Amino acid sequence: AQTVTQSQPEMSVQEAETVTLSCTYDTSENNYYLFWYKQPPSRQMILVIRQEAYKQQNATENRFSVNFQKAAKSFSLKISDSQLGDTAMYFCAFVSTSGSRLTFGEGTQLTVNP
Amino acid sequence: GAGVSQTPSNKVTEKGKYVELRCDPISGHTALYWYRQSLGQGPEFLIYFQGTGAADDSGLPNDRFFAVRPEGSVSTLKIQRTERGDSAVYLCASRSGGSSYEQYFGPGTRLTVT
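So the protein sequences, as listed, match chains R and Z.
At position 92 of the first sequence the residue is numbered 1357 (the numbering used here), and the sequence of numbers has no breaks.
At position 35 of the second sequence the residue is numbered 30 (the numbering used here), and the sequence of numbers has no breaks.
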């Protein structure tokens, strides 16, 4: 079974600054995908960024980038130039290519302060 | 095109009653998932459909929970003899299938059992 751990229940950052959210996971699988999802108060779970485990290059989507360390089973999310609209719950999630269900971490509540 | 839609947005029911929650996936998506999210936690997997059939229902907590997807599109999650512990947000997600592992979520149904 896979597990995903987010050790930071809450974080805050000033607008325009950079913040990093941590995620670790445990799996015996070799082929998998990792995701970061954002969930604002509206409850809508929004896909932020994805990383294929077979790719060494870290994924980047505009202001969002990841630091994927496969050997350490670590997958952190960096948000640059933080904006007020980034305030939300962020979830790290894992899916194996041999399965289909997403396994989520406990979430990190990020607050961007003006 | 339209995203995943879920109805109702909110449902309040009395303990012991029967409820149905509906999910309308993204058009053309063959895979459909139900998750349950308790307050302050990450979503937990309930059931996964590939087409019309339930490919994995191992996340359903007990036999009071049942889901169908008769025509391979809309899905209904059914809960019999509701209990207060069933109160949660029920999220639906769809995936296009094939080599894409990204799941796209609906806004969820908040179920409150009084």
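A virtual CB, placed ideally from N, CA and C, is assigned to each residue, including glycine.
Owing to the predicted nature of the structure, the values given are computational and were not obtained by experimental measurement.
No Cβ-Cβ contact shorter than 9 Å links V1377 of chain R with Y1298 of chain R. Counting along the chain, Q1316 of chain R sits inside the beta strand (DSSP E) bounded by residues 1311 to 1317. For G67 of chain Z, not one C-beta of chain R is nearer than 9 Å to its own C-beta. For a Cβ distance threshold of 7 Å, nothing in chain R lies close to L27 of chain Z: the least Cβ distance comes to about 11 Å. Ranked by how close their Cα comes to the Cα of A49 of chain Z, the residues Z:R31, Z:G37, Z:L34, Z:L27 have Z:L27 in first place.
Separation of the CB atoms of R1308 of chain R and G103 of chain Z is rounded to 5 Å, and the pair is thereby assigned contact status at 8 Å. Burial check for Q1316 of chain R: the Cβ neighbour count within 10 Å reaches 16 or more, so the residue is buried.
Within chain R, the residues placing a beta-carbon under 9 Å from that of L86 of chain Z are R1308, M1310, ordered along the chain. Here the C-alpha atom of Y1290 of chain R lies approximately 20 Å from the C-alpha atom of I1344 of chain R. When rounded, the separation of the alpha-carbon atoms in Q1273 of chain R and Y96 of chain Z is 26 Å. Taking 3 residues as the minimum length, the beta strand (DSSP E) runs contained wholly in the region 41 to 105 of chain Z are 48 to 51, 60 to 63, 70 to 74, 83 to 90, in order along the chain.
In this structure, the CA atom of V1269 of chain R is about 29 Å from the CA atom of A1281 of chain R. Counting the other CB atoms within 10 Å of its CB gives I74 of chain Z a total of 16 or more, which places it among the buried residues.
Taken through DSSP and simplified to helix, strand or coil, D1346 of chain R comes out as coil.
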